[in-house]
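Below is one structure, written out as structure tokens; comments come after it.
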Amino acid sequence: MRREQMVRNVRDRREPWDIVVVGGGATGVGVAVDAASRGLSVLLVEAHDFGKGTSSRSTKLVHGGVRYLEQGNIPLVMSALKERGLMRQNAPHLVHDLAFIVPNYSWWEAPFYGIGLKLYDLLAGKYGFGASKLLSKEETLARLPALEPEELRGGVVYYDGQFDDARLLIHLAMTAADHGATLVNYCPVTGLTQDADGYVNGVTARDEETGETFEIASRMVVNATGVFTDSIRQMADPAAESLVVTSQGIHLVFDRSF
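Once you know that position 7 of the sequence shown is 9 in the working numbering, the rest is easy, because the numbers rise by one and skip nothing.
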């Protein structure tokens, strides 16, 4: 997967691509793999390194969305659990089990979380990562010695997964290239081209290493730029209202010494 050859593919192409994907993160590269494996001609352009944005700044977790179970969104949880299992099946060298512990300080938490997480196991079916179980106070403190021990009643352990997001993305990019896709990083899109009816029919892009510019025709343009989605949309329609809003929730990551 040599960049020089990929750039040459762009320069030498004389007919429209079936699909031009803008954005070299997990979504964009996933689209490239899917389309190229179906025999379509695919070009993916990325403004920086592949996976530079959200796709290498995740919490490195592969999970089924246990909080959505509490919200009653069973279809979403089942879909996420299946995808979690498929990730481990397809990339066992990058995806592995990870235990999580929910400490219990109230009498109702053990049955509440215990039953809920058993349902989580059940929904995972053959894609399960491990069986949840109740822990005593002593077992909980042995695993999490920094917990406040006063009034601690015990805990529940359940299993999701952890993965190397950047490595998985690079492997997906290599897979797309193996199926014939052309992928070029450090080649930001500078504009969208449109036909007489106003439909997007390609992009303009610039090779950041050489300054060379390209006008690239395509039957379809996929905007897979994540949090930068609106900036690409507004290239076609400067008056387009923004679609991206902030998400709920945070994750706190502590040093292992804690």
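The beta-carbon is built from N, C-alpha and C at its ideal position, and this holds for glycine as well.
Since the structure is predicted, the reported quantities are computational estimates derived from the model, not experimental observations.
Please classify L174: is it buried, with 16 or more other beta-carbons within 10 angstroms of its beta-carbon, or exposed?
buried
Helix, strand or coil: which one does DSSP assign to R263? Shown here, the chain extends from 3 to 260; a query on residue 263 therefore has no answer.
Checklist line | Ordered list of beta strand (DSSP E) runs contained in the segment 137-167, each at least 3 residues | finding: 156-165
Can you find at least 3 beta carbon pairs, one from the segment 128-137 and one from the segment 148-160, that sit closer than 8 Å? yes
Can you name the start and end residues of the alpha helix (DSSP H) that T29 belongs to?
A28 to S39
### Query
Between the beta-carbon of A183 and the beta-carbon of V44, is there less than 8 Å?
yes
Which word fits V229, buried or exposed, when buried means at least 16 other C-beta atoms lie within 10 angstroms of its C-beta?
exposed
Practice prompt. Pull up the CB-CB distance for V277 and C189, whole angstroms please, since I reckon it's below 8 Å.
Written response: Summary: the structure shown does not reach residue 277, with the chain confined to residues 3 through 260, and so no result is reported for it.
* Could you spell out the range, first to last residue, of the alpha helix (DSSP H) harbouring L46? => It is not in any alpha helix (DSSP H) - L46 instead sits in the beta strand (DSSP E) that spans V44 to V47.
| said: Between D2 and R221, how many whole angstroms is the CB-CB distance? I'm expecting something under 8 Å. | reply: Residue numbering for the chain in the displayed model covers 3 to 260; residue 2 lies beyond these limits and cannot be assessed.
How big is the Cα-Cα spacing for S81 and H253? 22 Å
Given this structure, state the Cα-to-Cα distance separating G30 from V224, to the nearest angstrom.
8 Å
Residues bridged to T212 [DSSP beta-bridge criterion] | None; T212 has no bridge partner.
Just verifying my parser: in three-state terms, what is the DSSP assignment at G200? coil
Review point. Quick check: the segment 124-132 against the segment 195-214, are there 3 or more CB pairs under 8 Å?
Key: no
- Message: Can you tell me where the beta strand (DSSP E) holding I234 begins and where it ends?
- Response: I234 -> not in any beta strand (DSSP E); alpha helix (DSSP H) instead, spanning T231 to A238.
Per DSSP, what kind of secondary structure is D99 in: helix, strand or coil? strand
Kindly indicate which three-state DSSP category V186 falls into: helix, strand or coil?
strand
### Message
Helix, strand or coil, according to DSSP, for G193 in the structure here?
### Response
strand
request  = State the start and end residues of the unbroken alpha helix (DSSP H) segment that holds N11.
outcome  = R5 to D14
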